[in-house]
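Structure record follows, encoded as structure tokens.
Numbering (this note's numbering), first residue to last: 8 to 376.
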């Protein structure tokens with residue numbers, strides 16, 4: 008590992024066969040309240056399959072802003088075994104409570120079926136349902152609680168839905184207005200009738216309980232949320248149709264309900280998981296800094312390539328500045344703000360299922376102070 012990491016210089020945190028796993032996929036990233044940077048992803052044994060492969064959520068920690076990384080530890084361990092005994096966890100997403108310091112990680116818990124084969128139901132012991140689960144840490148991610156299945160708590164009409172999963176990467180905590188302190192994790196819900204909806208799962212009691220807002224859209228997929236400068240909440244979603252751009256909708260009530268879904272044709276996308284964050288999470292409400300957003304994705308209509316970070320100065324209405332940061336293979340990605348204002352960590356899937364990390368700064372991205 009290098010002692011100095013320049014903007015745009017990447018490190019490989021995991022590759023095929025590393026850390027006891029055949030394959031590594033689905034990155035998540037957060038900054039703990041103590042300043043440590045946590046990176047998590049799926050460790051996949053035997054093959055590179057999604058659930059119900061008995062995957063585990065594994066993690067590495069950096070105490071120096073991403074320059075060096077410690078050993079792999081386990082957030083939630085899958086169990087390799089025959090059908091009827093195996094279980095696994097996939098698709099991690101961090102949600103860090105800046106008030107309490109508690110870090111939540113959301114993921115799916117699988118037994119015997121995939122997202123596509125899951126059936127309606129909320130009983131946590133049912134093996135033909137893809138379940139929603141969460142674990143918590145109150146020591147900056149060093150130890151984790153036993154995963155808690157929350158399928159029933161977040162599924163108001165279980166007869167209508169055959170599956171749901173947390174969008175991997177990172178959720179948010181609202182900072183402004185009547186809903187300040189609310190924790191939000193985005194989900195994709197799959198209806199029995201075939202539609203894919205975006206849902207904000209949120210907590211107003213610092214993660215003691217979770218509830219789901221109203222679903223929005225019918226051709227959504229993995230989706231992320233960001234708080235805008237006026238306190239509204241915007242969802243930015245992968246499409247499950249052929250529009251080949253991002254889908255956007257805005258909430259006036261902290262993510263409980265959303266308005267019309269529109270296509271943001273400025274953000275070309277090949278149907279891939281992406282990331283959207285506020286550039287300055289602690290900026291005062293209504294300020295110019297609060298209006299600045301960063302978005303990472305594979306900026307291609309056809310392939311998961313051309314990894315790009317785009318910058319908006321007007322709450323995502325326009326995206327006038329962008330920079331290609333990874334010209335080649337670039338699949339799922341997640342951004343998080345680092346301790347130093349104007350600097351960010353980017354964790355992404357590179358070529359051949361490598362989990363890669365780089366730091367970027369606003370200056371390096373071409374944003375002038």
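All residues carry an ideal CB built from backbone N, CA and C; glycine is no exception.
Uninterrupted beta strand (DSSP E) stretches inside the stretch 94 to 132 (no shorter than 3 residues): Counting whole runs of 3 or more residues, the stretch 94 to 132 contains the beta strand (DSSP E) stretches 95 to 103, 110 to 117.
Beta-bridge pairing of residue 252 - partner residues as DSSP gives them: 275
Length at least 4, wholly inside the stretch 27 to 51: the alpha helix (DSSP H) runs in chain order: none
Sequence-distant residues of its chain with Cβ nearer than 8 Å to residue 38 (five each side left out): A distance below 8 Å between beta-carbons, with the five flanking residues on each side excluded, links residue 38 to the following residues of its chain, in chain order: 44, 45, 103, 343, 344, 345, 346, 352.
Start-to-end residues for the alpha helix (DSSP H) that takes in residue 161: Note, residue 161: alpha helix (DSSP H), 158 to 161.
Runs of beta strand (DSSP E) wholly within the stretch 158 to 207 (minimum 3 residues, chain order): Here the runs fully enclosed are 168 to 173, 190 to 198.
Limits of the unbroken beta strand (DSSP E) element including residue 144: 138 to 144
Simplified DSSP assignment, three categories, for residue 228: The answer is strand: DSSP assigns residue 228 an E or B state.
Nearest neighbour of residue 212, chosen from 153, 106, 276, 301 [CA to CA]: 106
C-beta contact flag for residue 329 and residue 316 at 8 Å: yes
Residue from 276, 190, 184 whose Cα sits closest to the Cα of residue 229: Comparing C-alpha distances from residue 229 to each of 276, 190, 184 shows the shortest one belongs to 276.
Sheet register partners of residue 234 (DSSP bridge): 240
Beta-carbon proximity list for residue 78, same chain, < 6 Å, skipping 5 on both sides: none
Simplified DSSP state of residue 68, which is helix, strand or coil: strand
Any 3 or more C-beta pairs closer than 8 Å across the stretch 214 to 234 and the stretch 195 to 204: yes
6 Å Cβ shell around residue 183 - same chain, five flanking residues per side excluded: Closer than 6 Å at the Cβ level, and outside the excluded window around residue 183, lie 238, 292.
Secondary structure of residue 360, DSSP reduced to three states: helix
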